[in-house]
Amino acid sequence: MYYQPGKTNHGLPRDPFKSCVIPRPIGWISTISRDGAHNLAPFSQFQNLTFDPPYVMFASNQTTKGRKKDTVVNTEQTGEFVWNMATYELREAVNKSAEEVAPDVDEFELAGVTKAPSQIVKPCRVAESPVHFECAYHQTIRLPGNGTMGTVDIVFGRVIGIHIKDEVIGPDGCIDVLKIRPIARLGYHDYTSVESIFQMVIPGNDKRRLEGMEGSARF
Ligand SMILES: Cc1cc2nc3c(=O)[nH]c(=O)nc-3n(C[C@H](O)[C@H](O)[C@H](O)COP(=O)(O)O)c2cc1C
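Reading the sequence shown from the start, the letters are residues 1 to 219 in the working numbering.
Now the structure itself:
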């Protein structure tokens with residue numbers, strides 16, 4: 001099959017686009033409003049961008065009413081956000097935190113998760129999550145789109161503090177991903193979790209290239 005998005009019909013019962021770029025890691029983002037309301041929401045249009053220094057991004061479409069989402073408003077107004085790792089154990093809380101509610105609703109309470117203070121930034125971390133990034137807002141790029149939800153705000157942040165629970169660091173000093181079981185979005189309403197790992201190393205022994213592949217920064 002072949003189709004041109006926005007021009008020709010894919011002819012399938014459901015739009016296949018989001019089921020093509022998979023699995024997508026989840027940016028479970030906590031922020032705090034100017035008035036001090038604690039906000040938490042998942043974004044599967046999320047990625048790390050580079051490692052030295054580390055940057056991440058999440059892409060937020062508009063609300064069903066065509067407004068900027070609270071996570072973006074809070075990040076832009078306060079200059080800070082926190083990324084929390086979404087795990088299989090926390091899947092129901094992740095989903096609950098996606099409800100479209102008023103900006104003053106405490107979404108940690110809504111999702112039934114515990115607030116842990118951050119070291120540098122004001123937004124709290126999800127205590128139950130094994131890994132957190134404290135982030136400083138860098139910039140937003142807005143891409144125009146169709147309908148009330150199509151326009152997207154791509155928010156970039158620099159990672160300035162990283163928390164990893166000791167219990168998920170294995171004896172080899174590496175993060176024990178199979179113990180954590182991070183979840184990721186597939187298309188439709190489908191998800192997956194990491195349950196197997198395989199390794200490959202780029203041929204040759206160019207030390208710098210291999211360090212780049214691992215993402216080894218100076219400290
Ligand atoms: C797993 C998951 C992934 C999501 N990914 C996105 C996304 O990438 N972009 C987006 O705009 N909304 C996404 N949503 C919907 C938002 O989480 C939802 O609109 C939420 O209410 C936004 O909250 P806020 O207004 O407090 O920022 C996702 C929802 C779920 C459950």
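Even glycine gets a Cβ: it sits at the ideal position worked out from N, Cα and C.
I'd like to confirm the pairing. Which residues does DSSP put opposite residue i in its beta bridges?
i: F43; result: G27
i: L229; result: The question about residue 229 has no answer here: the residues shown for the chain are numbered 1 through 219.
i: F108; result: Its beta-bridge partners do not exist; DSSP assigns none.
i: C174; result: In the DSSP output, where bridge partners are listed per residue, C174 has none listed.
i: T50; result: Y55
i: I120; result: Answer is none; I120 lacks a bridge partner.
i: E214; result: Answer by DSSP bridge pairing: none, since E214 is not bridged.
i: C135; result: F81, V159
i: H38; result: I32
i: V101; result: V101 pairs with nothing; no bridge assigned.
i: V126; result: K115
i: T64; result: Partner(s): none; T64 has no beta bridge.
i: T87; result: P182
Does residue i come out as helix, strand or coil in the three-state DSSP assignment?
i: N74; result: helix
i: V94; result: helix
i: R209; result: helix
i: E167; result: helix
i: I180; result: helix
i: F198; result: coil
i: K115; result: strand
Does the Cβ of residue i lie closer than 6 angstroms to at least one heavy atom of ligand 1?
i: K256; result: Any property of residue 256 remains undetermined from this structure, which presents the chain solely from 1 to 219.
i: Q45; result: yes
i: N95; result: yes
i: T71; result: yes
i: S216; result: no
i: S60; result: yes
i: P42; result: yes
i: R208; result: no
i: A127; result: no
i: R181; result: no
i: E299; result: The requested residue 299 is not part of the displayed model; the chain covers only 1 to 219.
i: R185; result: yes
i: A98; result: yes
i: N146; result: no
i: N39; result: yes
Could you spell out where the beta strand (DSSP E) holding residue i opens and where it closes?
i: E80; result: 80 to 84
i: A183; result: In the sequence under discussion, the amino acid at residue 183 is Ile, which differs from the Ala named in the question. Taken as a continuous stretch (DSSP letters only), the beta strand (DSSP E) holding I183 covers 183 to 185.
i: F58; result: 54 to 61
i: S33; result: Taken as a continuous stretch (DSSP letters only), S33 belongs to no beta strand (DSSP E), as it is neither H nor E.
i: T192; result: 191 to 193
Is any heavy atom in ligand 2 found nearer than 6 angstroms to the beta carbon of residue i?
i: D70; result: Among the ligands modelled here, namely ligand 1, ligand 2 does not occur.
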